[in-house]
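Per this note's numbering, the very first residue in the sequence shown carries number 66; after that it's consecutive.
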Amino acid sequence: MGKIKLTEEDLQIFSDCINNQTEIPEDLLLKLSPAFFDKLKQEGKFDYKELDKYKVPTIEYAGKRSESVILAQAAITGGAAPLQIIRSFANGKNGDWKNLIVQGDNLQFLKTCYLNQDPLIKDKVKGKVKLIYIDPPFATKSDFGSLNGEGSYSDKVDRSEFIESLRECLIYLREILADDGSIYVHLDWRMVQYIKVVMDEIFGKGNFRNEIVWTYNGKGLTNAIKNFVRYYAGILFYAKSDKTSLNARTAKPSESVLKRFGRYMNEFNQITFGALKEGNENSEIEKARNRFLKDFGREPEDEDIAVDYNKGSLLKDFWDDIPIIRENKKYTEYVGYPTQKPEMLLQRIIEASSDVGDLVIDVFAGSGTTAAVAEKLGRLWIVCDFGKHAIYTMQKRLLNIADSKKLGNGGKNEKYEQPPKPFCVVSAGAYDFSKIMNLRQNKDAYISFVLGLFSIMRQDVDYSKKYKLANIYAEKDGHPVEIYPVWDDEYLKDVRIDEEYLKDIISASGGKLKGDYYIITPETCTVISDTTLKNSNRENVNFKLLKFPYKVLEDISRHFQIEEQPASQDDINRLISSAGFYFNEDVKVSVERVRGGFKITRFHTSILDKNKERFKGLDGLAMILIDFDYDGKIFDMDAVVYSKEIGEDGIVKVEGLTKDSHFIAVDKHGNESKITKIE
Numbered sequence: 066m067g068k069i070k071l072t073e074e075d076l077q078i079f080s081d082c083i084n085n086q087t088e089i090p091e092d093l094l095l096k097l098s099p100a101f102f103d104k105l106k107q108e109g110k111f112d113y114k115e116l117d118k119y120k121v122p123t124i125e126y127a128g129k130r131s132e133s134v135i136l137a138q139a140a141i142t143g144g145a146a147p148l149q150i151i152r153s154f155a156n157g158k159n160g161d162w163k164n165l166i167v168q169g170d171n172l173q174f175l176k177t178c179y180l181n182q183d184p185l186i187k188d189k190v191k192g193k194v195k196l197i198y199i200d201p202p203f204a205t206k207s208d209f210g211s212l213n214g215e216g217s218y219s220d221k222v223d224r225s226e227f228i229e230s231l232r233e234c235l236i237y238l239r240e241i242l243a244d245d246g247s248i249y250v251h252l253d254w255r256m257v258q259y260i261k262v263v264m265d266e267i268f269g270k271g272n273f274r275n276e277i278v279w280t281y282n283g284k285g286l287t288n289a290i291k292n293f294v295r296y297y298a299g300i301l302f303y304a305k306s307d308k309t310s311l312n313a314r315t316a317k318p319s320e321s322v323l324k325r326f327g328r329y330m331n332e333f334n335q336i337t338f339g340a341l342k343e344g345n346e347n348s349e350i351e352k353a354r355n356r357f358l359k360d361f362g363r364e365p366e367d368e369d370i371a372v373d374y375n376k377g378s379l380l381k382d383f384w385d386d387i388p389i390i391r392e393n394k395k396y397t398e399y400v401g402y403p404t405q406k407p408e409m410l411l412q413r414i415i416e417a418s419s420d421v422g423d424l425v426i427d428v429f430a431g432s433g434t435t436a437a438v439a440e441k442l443g444r445l446w447i448v449c450d451f452g453k454h455a456i457y458t459m460q461k462r463l464l465n466i467a468d469s470k471k472l473g474n475g476g477k478n479e480k481y482e483q484p485p486k487p488f489c490v491v492s493a494g495a496y497d498f499s500k501i502m503n504l505r506q507n508k509d510a511y512i513s514f515v516l517g518l519f520s521i522m523r524q525d526v527d528y529s530k531k532y533k534l535a536n537i538y539a540e541k542d543g544h545p546v547e548i549y550p551v552w553d554d555e556y557l558k559d560v561r562i563d564e565e566y567l568k569d570i571i572s573a574s575g576g577k578l579k580g581d582y583y584i585i586t587p588e589t590c591t592v593i594s595d596t597t598l599k600n601s602n603r604e605n606v607n608f609k610l611l612k613f614p615y616k617v618l619e620d621i622s623r624h625f626q627i628e629e630q631p632a633s634q635d636d637i638n639r640l641i642s643s644a645g646f647y648f649n650e651d652v653k654v655s656v657e658r659v660r661g662g663f664k665i666t667r668f669h670t671s672i673l674d675k676n677k678e679r680f681k682g683l684d685g686l687a688m689i690l691i692d693f694d695y696d697g698k699i700f701d702m703d704a705v706v707y708s709k710e711i712g713e714d715g716i717v718k719v720e721g722l723t724k725d726s727h728f729i730a731v732d733k734h735g736n737e738s739k740i741t742k743i744e
């Protein structure tokens, strides 16, 4: 057992606590049993309230990790990904806030929010999200079934991986949700039961408010041969705490409706009085009621008629009045995205669980319905997706929101007619691999990358000047962070971090350096572990080495299993997870016009397939994005052609091309070509 080291003051405090029967201060407890609390620290935050969750059923499967380990991973292993602005759109001012479209792995983005260090979102997101809506991919076509209707072994593995991936995401979502916030998780019949148990565990069974049944008319209804017709999706609604409130009413009827309502109510009362007087109330009252229902198209019970008059209807958990989006000109909000959800659905959720100015987040954003509706309702918003098709769909939808349909307009196609508030398209964890490896020409790119490996965000501060030491590029918890200068041949080949190296740092500081001092270094450049030395005043200097294998620079970019961009609409929902850091590669492409479209005459990408081999021909191509009338400033995507729709001869069939038509080619890792004119 380790030796306990207590000062005279510590002993006096401990004695006073025992004599007075008061609690021992936390810092003294740490000294009394350091090994015990170190073990707890490794497991994560220890909270007795968390024990309550074990009173509810849990779901167990291979690969399930504890919440504490998941949360600790963000800080310990540096899983967060720095945010980098790609494009910014601002027609006006909105304080220091800009709404965000985030391109990247949603889990890495959530870790960045959780750590609350990135200057773009610091103190603006964590604990301030009023409403979360997510519509995660339910499953791919091959999941959860076989020819005999039974899940195969591989399907079960896929299922557990899906649950754990979503569970990890939900844990971080809980951490960034405001105390009075709400979360809605949209699922289908295959997964809602599993995720209900997971959410009971994460949010607490007492915070479960409703499973909303959204039933709809539309294509895709199965024949009832082996099962009843599947006709709905489930939306799990959880509160963060008892502080969470809900506006569970539909909008108050318009003045014109209220006038007609009043006229019918008068008629209803007169008929009721006359019927009662003549003794035949049932038939006459029923006739009046039916006329009322036919006119208003609703089914309130009799007692609801009175409360609806001034307040609007109480919302129930069975929603059968919202149709699905179809590929039809009648549906003016359709944006050509396969999993698009109706704006009316999101309007109901956002109005029920947030107020104007509140922050709304969707990290499986797809077509961007959450962002569009939040924008129209005056909420702040952040949406995230890994797919380039989704990113450009959302960008176009927001840029053209003035021409979209106004919300709550009684079925009329009146336009919204308001420009979007300022928003940015940002990337989470994207780096240019060639720049990182070419250190002499791109030292700054390398520094930003290795800081990101340990979730340390680079600030616009001259820390070397502040500390009067070379190679200080950041701070961690208020302490200096040195980047070992591998760009210097002398250091890379001949110098190693040893005790003399650390003593030289103290000496270079004038002997006044104290406290923690971090050094980020490839592990091959050090022959020493964390070390504590004394400065000239006999004060401790704690050198903490943040090591990584030098080969990680290539391994991360080449060997991470980056989820491929979809090659068809059927693959849209496969982008569940990806690498925390991904690397921008050059994509080169040339085309020529042909009848009915254009032909790809050259395509090159440097990415590797899952067998670590280069793609040949068009095999590495995921999709072509097309802007029919590119204005030279903003790429406003009008069409997307997936690789499976492109012939082996490279012919891309598309109607509507003009002399100003341009395109972007996207490879399977999401790298983009330059905006190229279709000559």
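The C-beta atom is built at its ideal place from N, Cα and C for all residues, glycine as well.
Because the structure is a prediction, the values reported are computed rather than measured.
(message) Please give me, in chain order, every unbroken run of the beta strand (DSSP E) with length at least 3 that falls completely inside the region 516-593.
(response) Listed in chain order, the complete beta strand (DSSP E) runs (minimum 3 residues) inside the region 516-593 are 537-541, 544-548, 580-587.
(request) Taking I512 as the reference, give the member of I548, D423, R391 with the closest Cα. (result) Taking the sequence shown and counting its residues from 1, the one referred to as residue 512 is at position 447. Ranking I548, D423, R391 by Cα distance to I512 puts I548 first.
(message) Give me the residue from T597, E555, P545, K724 with the minimum Cα distance to L567.
(response) Along the sequence shown, read from residue 1 onward, the residue named residue 567 stands at position 502. Of the candidates T597, E555, P545, K724, the one whose C-alpha sits nearest the C-alpha of L567 is T597.
(request) Would you tell me roughly how many angstroms separate the C-alpha atoms of K70 and G299, rounded to the nearest one? (result) Position 5 of the sequence shown, counting from 1, holds the residue named residue 70. Position 234 of the sequence shown, counting from 1, holds the residue named residue 299. One C-alpha to the other measures close to 57 Å.
(message) I'd like the list of long-range same chain contacts for I743, defined as Cβ closer than 7 Å, with 5 residues on each side in sequence excluded.
(response) Working through the sequence shown from its first residue, we reach residue 743 at position 678. Here the set comprises V656, R658, F663, L722, S726, H727, F728.
(message) Please give me, in chain order, every unbroken run of the alpha helix (DSSP H) with length at least 4 that falls completely inside the region 392-463.
(response) The qualifying runs are 408-418, 434-441.
(message) For L152, which residues in the same chain have their Cβ closer than 6 Å to its Cβ, ignoring the five residues on either side in sequence?
(response) Residue numbering aside, residue 152 sits at position 87 when the sequence shown is read from its first letter. With the sequence shown as reference, residue 152 is identified as Arg, and Leu is not the correct amino acid for it. When the five nearest sequence neighbours on each side are left out, the beta carbons in the same chain lying within less than 6 Å of the beta carbon of R152 are those of V490, in order along the chain.
(request) Could you give the DSSP three-state label for I699: helix, strand or coil? (result) Translated into the one-based positions of the sequence shown, residue 699 becomes position 634. I699 falls in the coil class under three-state DSSP.
(message) Within 10 Å of its beta-carbon, does K453 have 16 or more other beta-carbons around it, so buried, or fewer, so exposed?
(response) Position 388 of the sequence shown, counting from 1, holds the residue named residue 453. With 16 or more other Cβ atoms within 10 Å, it is buried.
(message) Here's the rule I'm using: 16 or more other beta-carbon atoms within 10 Å means buried, otherwise exposed. How should Q182 be labelled?
(response) Your numbering for residue 182 matches position 117 in the sequence shown. Residue environment for Q182: buried (at least 16 other C-beta atoms within 10 angstroms of its C-beta).
(request) Figure out for me which residue from R255, K195, F227, N275 has the closest Cα to the Cα of R239. (result) Counting from one through the sequence shown, the residue named residue 239 turns up at place 174. Residue nearest to R239 within the set R255, K195, F227, N275 is K195 (criterion: CA-CA distance).
(message) Using a Cβ-Cβ distance cut-off of 8 Å, determine whether N312 contacts chain C.
(response) Included in the structure is just one protein chain, with no chain C present.
(message) For L379 and V250, what's the separation of their Cα atoms in angstroms?
(response) Counting from one through the sequence shown, the residue named residue 379 turns up at place 314. Counting from one through the sequence shown, the residue named residue 250 turns up at place 185. As the crow flies, the alpha-carbon of L379 is around 22 Å from that of V250.
(request) Going by CA-CA distance only, name the one from R679, G192, V546, T123 that's closest to I228. (result) Within the sequence shown, the letter at position 163 stands for residue 228. Ranking R679, G192, V546, T123 by Cα distance to I228 puts T123 first.
(message) Using 8 Å as the threshold, is the C-beta distance between I387 and Y281 below it?
(response) As a working mapping, residue 387 is identified with position 322 in the sequence shown. As a working mapping, residue 281 is identified with position 216 in the sequence shown. Contact flag set, yes.
(message) Whether or not the region 402-411 and the region 419-439 are in contact is what I'm after, with contact meaning three or more pairs of Cβ atoms, one per stretch, closer than 8 Å; do they touch?
(response) Segments in contact, yes.
(request) Could you check how far apart the C-beta atoms of P487 and K191 are, in whole angstroms? I think they sit under 8 Å. (result) Residue 487 sits at position 422 when you count from the first residue of the sequence shown. Residue 191 sits at position 126 when you count from the first residue of the sequence shown. Their Cβ separation, rounded to whole angstroms, is 21 Å, which puts P487 and K191 out of contact at 8 Å.
(request) Spatial neighbours of N29 within its chain, please: CB distance less than 7 Å, with the 5 preceding and 5 following residues excluded, ordered by chain position. (result) With the chain covering 66 to 744 only, the question about residue 29 has no answer from this structure.
(request) Just the C-alpha distance for K541 and I521, rounded to the nearest angstrom, thanks. (result) As a first step, residue 541 is located in the sequence shown; it is residue number 476 there, counting from the start. As a first step, residue 521 is located in the sequence shown; it is residue number 456 there, counting from the start. Cα to Cα, the separation comes out at about 7 Å.
(message) With distance defined between alpha-carbon atoms, name the residue in I426, D696, E482, E604 nearest to R444.
(response) For the purposes of this step, residue 444 is identified with residue 379 of the sequence shown, where counting begins at 1. Here the closest residue by C-alpha is I426.
(message) Which residues does DSSP list as the beta-bridge partners of W279?
(response) As a position in the sequence shown, residue 279 is number 214, starting the count at 1. Answer is A298, W384, bridged to W279.
(request) Mind reading off the beta-carbon distance from T670 to D714? Whole number of angstroms is fine, and I expect it under 8 Å. (result) In the sequence shown, the residue the question calls residue 670 occupies position 605. In the sequence shown, the residue the question calls residue 714 occupies position 649. Rounded, the Cβ-Cβ distance is 19 Å, inconsistent with contact.
(request) Look at D200 and A493 and say whether their C-beta atoms are less than 8 Å apart. (result) In the sequence shown, the residue the question calls residue 200 occupies position 135. In the sequence shown, the residue the question calls residue 493 occupies position 428. It is not a contact, given that the beta carbons lie outside the stated cut-off.
(request) Enumerate in chain order the residues of its own chain whose CB-to-CB distance from I447 is below 6 Å, with the five nearest sequence positions on each side excluded. (result) Within the sequence shown, residue 447 is the residue found at index 382, counting from 1. Excluding residues within five positions, the ones whose Cβ falls inside 6 Å are L165, I426.
(request) Would you kindly work out how many angstroms separate the C-alpha atoms of S225 and N275, rounded to a whole number? (result) Taking the first residue of the sequence shown as position 1, residue 225 is located at position 160. Taking the first residue of the sequence shown as position 1, residue 275 is located at position 210. Using only the alpha carbons, I get a separation of about 25 Å.
(request) Starting from V190, trace the beta strand (DSSP E) both ways and give me its first and last residue. (result) Counting from 1 along the sequence shown, the entry for residue 190 is found at position 125. For V190, no beta strand (DSSP E) run applies, since DSSP gives it neither H nor E.
(request) Tell me, to the nearest whole angstrom, how far the beta carbon of T458 is from that of M702; I am working on the premise that it is less than 8 Å. (result) Counted from its first residue, the sequence shown places residue 458 at position 393. Counted from its first residue, the sequence shown places residue 702 at position 637. Rounded, the Cβ-Cβ distance is 7 Å, consistent with contact.
(request) Excluding the 5 residues preceding and the 5 following Y126 in the sequence, name in chain order all residues of the same chain whose CB lies nearer than 6 Å to its CB. (result) The residue you call residue 126 lines up with position 61 of the sequence shown. Its chain contains S225 as the residues whose beta carbon lies nearer than 6 Å to that of Y126, once the 5 sequence neighbours on both sides are disregarded; these appear in chain order.
(message) With the cut-off set at 8 Å, would you say C234 and L148 are in Cβ contact?
(response) By one-based count along the sequence shown, residue 234 stands at place 169. By one-based count along the sequence shown, residue 148 stands at place 83. Note that the C-beta distance between C234 and L148 is not below 8 Å.
(message) Could you compute how far the alpha carbon of G246 sits from the alpha carbon of D423?
(response) As a first step, residue 246 must be located in the sequence shown, where it is residue number 181. As a first step, residue 423 must be located in the sequence shown, where it is residue number 358. Separation of G246 and D423 (C-alpha to C-alpha, rounded to the nearest whole angstrom) is 10 Å.
(request) Tell me, please, which residues DSSP counts as bridged to Q149. (result) The residue you call residue 149 lines up with position 84 of the sequence shown. Answer is S492, bridged to Q149.
(request) Would you mind reading off the limits of the alpha helix (DSSP H) that contains D245? (result) Position 180 of the sequence shown, counted from the first residue, corresponds to residue 245. Note, D245: premise wrong, no alpha helix (DSSP H); beta strand (DSSP E) at 242-252.
(request) Give me the Cα-Cα distance between L231 and T741, rounded to the nearest whole angstrom. (result) Position 166 of the sequence shown, counted from the first residue, corresponds to residue 231. Position 676 of the sequence shown, counted from the first residue, corresponds to residue 741. Cα to Cα, the separation comes out at about 37 Å.
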